[in-house]
Structures are given as structure tokens and as C-alpha cells.
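Colleague:
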Amino acid sequence: MTTMQPLPGIRIRRLRLAGVSRNYDVDFTQDQRVRDLSVVAGAFSSGKTAVLEFIAYGLGGKRHPRHPEVLRKVRSCLLEVELSGEPHVIERPVGEPSKVAYVRRGTLDSPPLSKPESRTIEPAGAPESLSALLLGHCKLEGVQLREAPSSRESRTDPLSIRDLMNLAFLPNERIASKNFLFENEYMKKHKLKQVVDVVFGVHDDRAVELGQRIKELGTRLTQARSELAAARAFVDEQDVPTVGALTAEQYQGELRELTEQLRALDEAAQAGTTFAGRLRREHQEAAQRARRAAGVVRDCETQLTRMMPLRAQYADDLVKLNMLAEAQRLFDPLSVTTCPACLNRLPAPPSVENGSCSLCSHELPHGDEHLTLGTATAEHSSDEGRLDVAAEIRATKARLQEITAYVEGLDSSLATLKLQAEDAAIDEERAAAAVDEATSPTVTPFLAARDNLQRRREEVLRHLQHAENATKLQAGLEKRAALVERQEAQIERLREERDRLGDAAQDRDLAVGRISGRYGELLRQWRYPKLSQPVIDTNLVPHVRGDSYREASSGARTLLTLAWQLAVFEVAVETSAAHPGFLMIDSPQKNLGHGATRDAVIADAIAIDDFYRHLTRWLGEKGAGAQVIIVDNSPPMLVEENVVVRYSRNEDLPPYGLIDDETTTDESRPE
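With positions in the sequence shown counted from 1, the corresponding number in our numbering is that position plus 88.
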């Protein structure tokens, strides 16, 4: 028995949901190699189905699971895959379905081997789309599907990775469904049939289609060659170092060595100058004394600057008070000795005579014996509020004398303080000179050696930058050259396929016959009850006992749909057809023992062990290199070693679910 070589296609290595505070991973590898069979097991509503849906989303699906815990915790979906055997990482944001995916070479935990490349999701047929990249690794890049298969003049749509996923992902809702082949959706039904024909290379107008693909790929190849030539010319102009020059890793090693030498040199210099510790302390003390002396001088000058205007203000106030006292003496209103009318001296000062003023004979309101200022114009007189000028003059003179004495004291001490500050500064300079004189003979050789190491370090840094730039340019050239080689290989393969073309109808009958035969073999291995006439017709509809699968019971439809999907997958792998090379199945035990719609007749006749026993045997022989991922609530013990994760939905038995730190009961939790 011949073991088939691994398909180029796609293999799923790891799924990572990057969260706000942590990541949620599912690993489909063992010893760094992709597992042939991976089982995601666990309780209902724990996130098992979401694993497959996120894988489909990472491969270009339109939407991802939108359960509350997902939207709360997850920010992006990262899918590590093998594309034709080379690891890549595909990243898409989570929230609103993104229109762009970012693809880079490498693994999730290794440094990126290339800069992330932006790939559009729509339109699927664009050369820069994610779909075109993935289909290129499945040998299906550039395939066109006619909208009306029976019309040669029909418009065409490019094949997308989502169309191909119908053969690589069997979701729960399609298992046992009467709409398994999209009978209720005319366009999807015919597209599925076309996809199967394209995968096996037996669709109508194969020669024309191959010619169109060769022409389109030839145009892309010409453009890729032009871009490669332009890139090489640019690299030549930049004088990029050749392979014989030092690499970035070597420069980094030399940089680490120089850094270590600098550190050792600094330690040696410090150790060699410990004898000057006393001189340095003396210099520090002298510097502190100089700073304090300079500070005292600044404070004294500041006080003088502030007190001089204050002293001038008090002197000015004293002058004003003296003028006020003189005015009161000169202009006392009661000192009237001359008649204001005739200007002759009065024989006697004004007085009160019979209740009237002797000067003007005006009757006074009170019988006062003496005239006072304001008696004729006010009922009461008071000294309240009158300024005691003499007291103010005495107080102002006292303050002025105090300020003058303080200013004179500051002024007399300023000269002494300046001399002290100058002496302290001179002492600091002498201490610094002593330190320099004592340490210079010892430090100078270290400084020279350090300058030399520093110059070498700067030179290495410059070379390192050039080497990193050269590495990036060479990586870009290698990427473009690999693209040219891949397109040349695709065109050569398509030309060989075109040359080998025979009768498309006979080829299709042969392919459908193989699929139909495998379909019957699977049902016999699974001990389908009263099995007779198992066949898949030319329209790819599965039959048993002379009836379409749609006439069977719910449990029987589970087996028939599983057998159809596996038959297409297994024959594609064994014949090296253009299939992605992996298959995901959600809940193969549907209606066979789980849930309220359990089909007792089928469930009693079929053992799920037979399903898994066939898979493990086939993957170890004819299906070597293929990959199968299954979501199952309770897989049998014979595949226990293939269980990559088991969700318990029990806080005491981690992991609780896909989002394992969301343990609240929620009816909307993903299946």
C-alpha cells in the first residue's frame, strides 16, 4: 500500500484569541507537528463550536461568534497555519467583522520572519486578497465559476475560499439537514457542485478555464518579475552587503561584547580611584560651604533691596505729617483776630453775648458761653476721628530709626559676607584642583580606553543598522523571488494538466464513481442498518435503499451526510486533488445519542467507535498528511489521546470553556 505525500494546502496549527488581559489558545500540534486527528471535547455550551467558527473566520469567513463573553474578552483572532508546509500567522480583529487580514511568516510564539502583509477580504478574486493567497496554496488560484453552468456565455465569478470551505467544514446545522446540499438555495447548490468539479479537475470547459488561468497567472507573473527586477536594481544601487559580510546577529554579538568591556572598564576606573575618596569628600564639603556663603550674600542683598524703598516711604510719610501739623497751627479757625469785613483788629475775640455770636449777631441754638469750631453749623461737636498728628509723628520717627539701623547693619555686614563667599569659592577651587591632580594620572588611561571602546561601539551600531536594513531588503527580494517561482510552478503545472486533458464527462463520471464507492464503504464500516444501494448520483446527491438522503430518518441523515463529506475528503486526498487538506466536523454524534431528537434505531445499530476507528486507520495509511478536527461532546476512549482540550463547564474542573475565565451561567454561551 502506497502512502500518499502530504497535500500542499492548508493545515491548522494553533488558534489564539488575544484578549484584553490574557490569551485563549487551542493547540492542534504535538511535538511541533500538526496532529492528524484533533478532538475538541466537553460539555454543551462551553465554546467548542466557537473554536471551529473562529478557524473559519481566520481563513476569511464573513463573521465570527458574537457571544457576550467573546465581545467582552477578545480583541483579535490569530490563526497559526501551515501554507504548503510553511508556518504563517493570520490575524483579524474581533468585534465588527474586519475587511482586512494581516498575514506574516512564522509562528505565534516566534519572532516574525516577515513584516505583516495586509490582505483584503473582499473582493475575493483580487490578487491581493486573503482568498487568493489561500487558494494559491490549494492549487486553485484564478479559478472562475460560471453563474449559469449550462450557458457558455454566462458571466463568471472568482472562486473564493469561502466556497471551498463547504468541503472543509461540516457545521452542526448541515449535519442531518434536509438542506445539506443547499437544495433550498439554487445558486449555492450549483456552486457547491461546481466546487466539487473544480477540486477534482473535471468541470466543463476545463481546457478553456485552464487557458484563462494560465493567461491570468502569466500576467501576474510578468508583473511579479518586473517588481523583482526593480527591487534587485534598488538593492544594487544601495550597495547592500553580500552574504560574506557580517550578519546582524554577529554585529549584535560584538555589540554585547563591547558593552561588557565598557562596564568592566568603568568598574576598574572606579576601583582605581578609591584612594582619592578623602579629597573628594573635602571638595564636597568646600562646595557646600561655598554654596551656603553665596546664599547668605544673596539673602543680604535681597533684604537691602527690599528695605531701601520701605525706609524712603517712612521718610516721606514723616514729611507729610510735619506739613499737616504746620497747617493746623497756621489755619486754626478759632484764631480770629481781624474782622473779615473791614479787616480791622477786633477789640476782643468773638464770644457769645445773650445767646448770639458777638461777631455776626446770629442767634445760636444753645446757650453756650464759649464759641467752638462748628458750633454755628452743627448741634454737637466731637473730637472723635480727629488725627493726633503729634503721636503719629513720634511713631513714624521711631519706625524710621529702626529701619535705618537695620539697613545700616546689613550694609556694613555685606562686605564681610562677600569676602567670606569669595574665600569659600577659592577653597572649593583648590579642593577640585587637588582631586584632579591626585586622580588625573590614574583616570586618564581609563578615559582614553573608554573613548576608544565608545568609538568602536558607535561603529558597530552603524554597521548593525546597515546589516538589519540589508536583511530586510534581502528578505523582500526572497519573498518576491519565491512568488515568481510559485507562479512559474503553477503555470507549468496548469500547462501539464491542460496537455493531459481527456474527456471531461468521462473524468467526472470516474471521480463521482470513486466518491460513490467510498460513500458505500463508509456506511458498511459503520454498520448502517439494512444497507442497500448506497450511491451518490451525478448531481452529487447521496442515496440509500433507492431513496434520496432527504427521505431517511434524522439519525440516518447524520450518517449519510457524514459519509458524503468524508467520501469527498478522502478521495480528494488520495488523488492529490485541489482540496485544502483538512476537514472540520461539528458534533458527529448528532441524533445518535445526544439530545432530544435521538434516533433510537440508528443509535442502537451504530457505534460511534466505528466512526473514529475508521478515521484513525485511514489517517495513518491512505490519508497520511491530512488533518481532521472534530468537535464532540463525549468522544470514545479510543481517541482519548487525540483530545486536544476538554471543556468541563465546571469551575472546579478547568478549563471551564473556551473563554475559561467567564464562568457565569449564560444561556447565550457558545456551543
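For every residue, glycine included, the Cβ atom is placed at its ideal position computed from N, Cα and C.
Only a predicted model underlies this, so the values are computations on that prediction, with no experimental measurement involved.
Check the DSSP bridge columns for residue 499 and list the partner residues they point to.
Modeller: Answer is none; residue 499 lacks a bridge partner.
Colleague: Only counting runs of 3 or more residues, tell me where the beta strand (DSSP E) segments fall wholly within the stretch 542–581, in order along the chain.
Modeller: With a minimum length of 3 residues, no continuous beta strand (DSSP E) run stays inside the stretch 542–581.
Colleague: Can you tell me whether residue 646 is buried or exposed, with buried defined as 16 or more other CB within 10 angstroms of its CB?
Modeller: Buried.
Colleague: Compute the distance between the beta-carbons of residue 492 and residue 409, then report whether it is under 8 Å.
Modeller: Not in contact: residue 492 and residue 409 (Cβ atoms no closer than 8 Å).
Colleague: Would you say residue 622 reaches chain D, if we count a Cβ-Cβ gap shorter than 8 Å as a contact?
Modeller: This model lacks chain D altogether, as it is built from one protein chain only.
Colleague: Do three or more CB pairs link the stretch 307–321 to the stretch 540–556 at distances below 8 Å?
Modeller: Too few Cβ pairs lie closer than 8 Å, so no.
Colleague: Using a Cβ-Cβ cutoff of less than 6 Å, which residues in the same chain neighbour residue 591 once the five nearest sequence positions on both sides are dropped?
Modeller: At residue 591, the pLDDT of 49 sits below 50, so the modelled position is not reliable and the matter cannot be decided from this model.
Colleague: Alpha carbon to alpha carbon, what distance is there between residue 219 and residue 170?
Modeller: Straight-line Cα distance between these residues: approximately 15 Å.
Colleague: Do residue 449 and residue 438 have their beta-carbon atoms positioned less than 8 Å apart in this structure?
Modeller: The answer is no: Cβ separation not under 8 Å.
Colleague: Tell me, please, which residues DSSP counts as bridged to residue 165.
Modeller: Its beta-bridge partners are 105, 180.
Colleague: Identify, in the order they occur along the chain, each residue of the same chain with its Cβ nearer than 7 Å to the Cβ of residue 382, setting aside the five sequence neighbours on each side.
Modeller: These residues qualify, in order along the chain: 509.
Colleague: So residue 189 is in the beta strand (DSSP E); what residue range does that whole segment cover?
Modeller: Taken as a continuous stretch (DSSP letters only), the beta strand (DSSP E) holding residue 189 covers 188–193.
Colleague: Tell me which same chain residues have a C-beta within less than 8 Å of the C-beta of residue 568, skipping the five on either side of it?
Modeller: So the list reads 312, 315, 316, 319, once near-sequence residues are dropped.
Colleague: Should residue 165 be labelled buried (16 or more other beta-carbon atoms within 10 Å of its own) or exposed?
Modeller: Residue 165 is buried by the Cβ-count criterion.
Colleague: Tell me the DSSP bridge mates of residue 232?
Modeller: Beta-bridge pairing links residue 232 to 246.
Colleague: Between the alpha carbons of residue 479 and residue 486, how many angstroms are there, rounded?
Modeller: Looking at the two C-alpha atoms, the distance is approximately 11 Å.
Colleague: Only counting the same chain, and skipping five residues up and downstream in sequence, which positions put a Cβ closer than 7 Å to that of residue 280?
Modeller: Around residue 280: 254, 269, 270.
Colleague: Would residue 221 pass as a contact of residue 191 if the rule is Cβ separation under 8 Å?
Modeller: It is a contact, given that the beta carbons lie within the stated cut-off.
Colleague: Distance check for residue 500 and residue 481, CA to CA, integer angstroms please.
Modeller: Their Cα atoms are separated by approximately 28 Å.
Colleague: Report back the beta-carbon spacing between residue 656 and residue 290 to the nearest angstrom; my notes put them in contact at under 8 Å.
Modeller: The Cβ separation is near 13 Å, so there is no contact.
Colleague: Taking the straight line between their C-alpha atoms, what separation do you get for residue 503 and residue 371?
Modeller: Between residue 503 and residue 371, the C-alpha separation is close to 25 Å.
Colleague: Pick out whichever of 156, 699, 204 has its Cα sitting closest to the Cα of residue 183.
Modeller: Ranking 156, 699, 204 by Cα distance to residue 183 puts 156 first.
Colleague: Please identify the residue among 735, 718, 730, 122 whose C-alpha is closest to the C-alpha of residue 141.
Modeller: If we check each option's Cα against that of residue 141, 718 comes out closest.
Colleague: Answer yes if the stretch 715–733 comes into contact with the stretch 109–129, meaning at least three C-beta pairs across the two stretches below 8 Å, and no otherwise.
Modeller: Because the criterion of three Cβ pairs below 8 Å is met, the stretch 109–129 and the stretch 715–733 touch.
Colleague: Assess, as a yes-or-no matter, whether the stretch 246–266 is touched by the stretch 562–579 under the definition of 3 or more beta carbon pairs within less than 8 Å.
Modeller: The stretch 562–579 is not in contact with the stretch 246–266.
Colleague: With which residues is residue 112 paired in a DSSP beta bridge?
Modeller: In the DSSP output, where bridge partners are listed per residue, residue 112 has 105.
Colleague: Within 8 Å, do at least three Cβ pairs link the stretch 192–201 to the stretch 135–150?
Modeller: Output reads no: the stretch 192–201 does not touch the stretch 135–150.
Colleague: Can you find the residues in the same chain that come closer than 6 Å, C-beta to C-beta, to residue 126, ignoring five residues on each side of it along the sequence?
Modeller: The residues are 116, 717, 732.
Colleague: May I have the straight-line CA-CA distance separating residue 751 from residue 154, to the nearest angstrom?
Modeller: Approximately 17 Å, taken between the alpha carbons.
Colleague: Classify residue 676: buried if its beta carbon has 16 or more other beta carbons within 10 angstroms, exposed otherwise.
Modeller: Counting Cβ neighbours within 10 Å, residue 676 comes out buried, since at least 16 surround it.
Colleague: Compare the Cα-Cα distances from residue 661 to each of 120, 105, 124 and report the closest residue.
Modeller: Residue 124 is the option with its Cα nearest to residue 661.
Colleague: Any idea what DSSP makes of residue 388, helix, strand or coil?
Modeller: If DSSP states are grouped into helix, strand and coil, residue 388 belongs with the helices.
Colleague: Exposed or buried, which one is residue 766 when buried takes at least 16 other CB atoms within 10 Å?
Modeller: Since the first and last residues shown for the chain are 89 and 759, residue 766 lies out of range.
Colleague: Would you check if the distance between the CB atom of residue 260 and the CB atom of residue 674 is smaller than 8 Å?
Modeller: It is a contact, given that the beta carbons lie within the stated cut-off.
Colleague: Three or more C-beta pairs under 8 Å: does that hold for the stretch 600–610 against the stretch 620–635?
Modeller: Output reads yes: the stretch 620–635 touches the stretch 600–610.
Colleague: Can you tell me where the alpha helix (DSSP H) holding residue 645 begins and where it ends?
Modeller: From DSSP, the alpha helix (DSSP H) with residue 645 extends over 642–662.
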